[in-house]
Amino acid sequence: MTDYLETPQGRRIAYDQTPGTGPGVVFLGGFRSDKEGTKAVYLEDWARRQGRAFLRFDYSGHGSSSGAFEDGAIGDWAEDAISAIGALTEGPQILVGSSMGGWISLLVAKAMPEAVAAIVGIAAAPDFTEDGFWASMTREEVEAMTETGRIERPSEYGEPLVVTQRLIEEGRTQLVLRDPLVLPMPVRLLQGTADEDVDVSVALKLLTHAEAGDMHLRLVKGADHRFSTPDCLALIEAAVDEVSARV
1 MTDYLETPQG RRIAYDQTPG TGPGVVFLGG FRSDKEGTKA VYLEDWARRQ GRAFLRFDYS
61 GHGSSSGAFE DGAIGDWAED AISAIGALTE GPQILVGSSM GGWISLLVAK AMPEAVAAIV
121 GIAAAPDFTE DGFWASMTRE EVEAMTETGR IERPSEYGEP LVVTQRLIEE GRTQLVLRDP
181 LVLPMPVRLL QGTADEDVDV SVALKLLTHA EAGDMHLRLV KGADHRFSTP DCLALIEAAV
241 DEVSARV
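The letter at position 246 of the sequence shown is residue 246 when you use full-length UniProt numbering, and the numbering goes up by one with no holes.
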């Protein structure tokens, strides 16, 4: 059953929580995704079967949480994650971050490393506002954003993708691949070679950039960005099991 958390910033965050033993698992969704996605629900079912604590939630402006998506930015959503983890969990957690959630998991690890037992990144997309959105903008798009504060791009996931000037500018304050990134916890990265949203090069860059003693990258030939086929879901479960054994 969905409950709600009021954050210190005044945002109302929708969440579903499964009680159980630790280390608990927290699912961090992607850009414009919500807590009802295939991977989040699959892991919740796994957690119930294992008797493990599990938390999935919607960032502000996503799903059933308060706020408008277009008003949000990476720092806001990282604050939401930090608030949810701080208020709703006990002890170090295993963060499973999908796409943008992979970036959020790294920001959480920087802000509260004592609360992070391990990280599993699924098509992790650190710094995508700068290296993806901004880097690919045409001159016309840059001019339109300067004039209106936003642009719209077609999206295969439904409604047009709105990219705001605030998302880009605030995102520059949250970048993790420009400065040292120390990850003292086990980290597992899963990446599909057919991912058209996050290139394999992003996973390789994160792997080489991070200072980590226990960090592995698994490439899955033919897997796309959703990473939600039965085989891919089994790989996510296996990664969570693997880091669980190490913490």
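In this text, a Cβ means the ideal position worked out from N, Cα and C, and glycines have one as well.
Assignment of P113 by DSSP, reduced to helix, strand and coil, places it in the helix class.
With respect to the 7 Å criterion, A223 and V187 are not classified as neighbours on the basis of their beta carbons. If you keep only unbroken alpha helix (DSSP H) runs of at least 4 residues inside the stretch 143-185, you get 165-171. Of the residues E147, P23, I85, the one whose Cα lies closest to the Cα of R246 is P23.
Each of P19, R11, W103, S33 was checked against the Cα of R226, and the nearest Cα belongs to S33. When DSSP states are grouped into helix, strand and coil, D231 belongs to the helix group. Taking 7 Å as the cut-off, the Cβ atoms of D80 and S60 count as close. Rounded to whole angstroms, L204 and F69 show a C-alpha spacing of 30 Å.
Looking at the backbone, the Cα of G20 and that of M185 are separated by about 22 Å. V26 sits in a strand when the DSSP states are folded into three classes. In the structure shown, the three-state DSSP call for Q9 is coil.
In terms of Cβ geometry, I74 and G10 do not form a close pair [threshold 7 Å].
Relative to the Cα of K39, the nearest Cα in the group A234, T2, R150, L161 belongs to A234. Apart from the 5 residues on each side of it in sequence, D197 sits with its Cβ closer than 6 Å to the Cβ of H225 in its chain, given in chain order. The DSSP assignment places 93-98, 116-122 as complete runs of the beta strand (DSSP E) inside the stretch 85-129, in order along the chain (cut-off: 3 residues).
The beta-carbon separation of L5 and S83, rounded to 7 Å, stays under the 8 Å limit for a contact. When beta bridges are read from the DSSP output, D3 appears opposite Y15. The three-state reading of DSSP puts R226 in coil, since its state is none of H, G, I, E or B.
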